[in-house]
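Per our numbering, the very first residue in the sequence shown carries number 32; after that it's consecutive.
Don't be surprised by glycine CBs; every beta carbon is placed ideally from N, CA and C.
Have a look at the structure below, then the notes.
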Amino acid sequence: MYLAAAGVGTLGLVDFDVVDRSNLQRQIIHGTSAIGQPKIDSARERLRDINPHVQIETFGHKLTSDNALEILRHFDVVVDGSDNFPTRYLVNDACVLLGKPNVYGSVFRFDGQVSVFYAKAGPCYRCLYAEPPPPDLVPSCAEGGVLGVLPGIIGSLQALEAIKLIVGFGESLIGRLVLFDGRRMQFRELVLQKDPDCPVCGTHPTVTKLIDYEAFCGVGPGSRKAGAGAEITARDLQRERARKPNLLLLDVREAREAEIARIEGARLIPLHELPGRLTELPGHAEIVTHCHHGQRSLKAREILVGAGFSSVRSLAGGIDAWSREIDPSIPRY
């Protein structure tokens, strides 16, 4: 919105999601009247209302290794507002290959980070984070939560950096990482150095084309290490619950998530408490674990199987799949 208000000539929007009520506390470009609409359509109308002279180009599909270079090559500056590691590494590598500056921002709960990664003049994202964290270590914003104003603070800083790059004034955040602590209202700055051994922008790069980033980050169906029979679909679980009244549905999300949405009859034991509460579960029970999207429940299954529980499966897609396929009255978040 600030880029449109500033008169940036062309803005490109990439998003394949629809507006959900849970988005509104932080994605203020949308309103209640847009719930259920594609986000790019809602955003386009809002931006046109702010400044009808700005050209808006929309791409209503997921940014992937197959389309990223073609989409991004037509723009001068890329602003990364993604909320997952595969997309961040994809955007970084595409920007390095195309020679584009990448205005980076990320948020989590009360904290945020901002930088400009531009391999021509400084380090790239991989110079800072050479490898992604394990997929079950860092929850998404939906799972971990974020204070609604934080994306506005970080996004405004990103907009400022983008305008500086376009106009050519001031000192860019190239080679610097700004850390923001919303609880203490503190900004800190770290100096970043280019890594000569960086696999994408180093002296002898090994990443010379876009790769499978979900596999690289250990997420997605192709990267799960769950064996055959480790998961059960929402529809199969519905059928089994109807004929197996003793089947135990174990919710391993955080308590705050259970306050938002719950599957009736599920028992709540957060994942981080599970190893210390195994004695609360009947040893011969048939158990199905579930979380938000299915990653933590697979980890819970590993814990239970390792502790000797013989019949444990994970709900594929988590409570989100249950809401979409079985019970739409359960809020999605």
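- Taking the Cα positions, H303 is about 28 Å away from E356.
- Looking at C248, V198, R207, L241, the one whose alpha-carbon comes closest to that of N115 is C248.
- Here Y120 is buried: its Cβ has 16 or more other Cβ atoms, across all protein chains shown, within 10 Å.
- Cα atoms of P154 and P164: separation of roughly 19 Å, rounded to the nearest angstrom.
- Taking the C-beta atoms as reference points, V145 is found no nearer than 8 Å to V108.
- For the pair S113 and R270, the Cα-to-Cα distance works out to about 36 Å.
- In the same chain as R287, and ignoring 5 residues on each side of it, the C-beta atoms closer than 8 Å to its own belong to G176, in chain order.
- Burial state of Q56 is exposed, judged by a 10 Å Cβ sphere holding fewer than 16 other Cβ atoms.
- Residues of the same chain with a CB within less than 7 Å of the CB of P230, apart from the 5 flanking positions on each side, are R157, P236, T237, V238 in chain order.
- Under the 10 Å beta carbon count, A246 is surrounded by fewer than 16 other beta carbons and is classified as exposed.
- For I205, the three-state secondary structure derived from DSSP is strand.
- Here N133 is bridged, per DSSP, to V109, F148.
- I60 is positioned such that its CB atom lies no closer than 8 Å to that of A37.
- Around the Cβ of Q224, a 10 Å sphere holds fewer than 16 other Cβ atoms; the residue is exposed.
- Inter-residue distance for V147 and P132 is about 7 Å (C-alpha atoms, whole angstroms).
- Note on the region 62 to 129: whole alpha helix (DSSP H) runs with a minimum of 4 residues are 70 to 81, 99 to 103, 116 to 129, in chain order.
- Shortest Cα-Cα distance from D243 to any of T95, F90, D80, E220 involves T95.
- For E262, the closest C-alpha among the options L346, V336, Y33 is that of L346.
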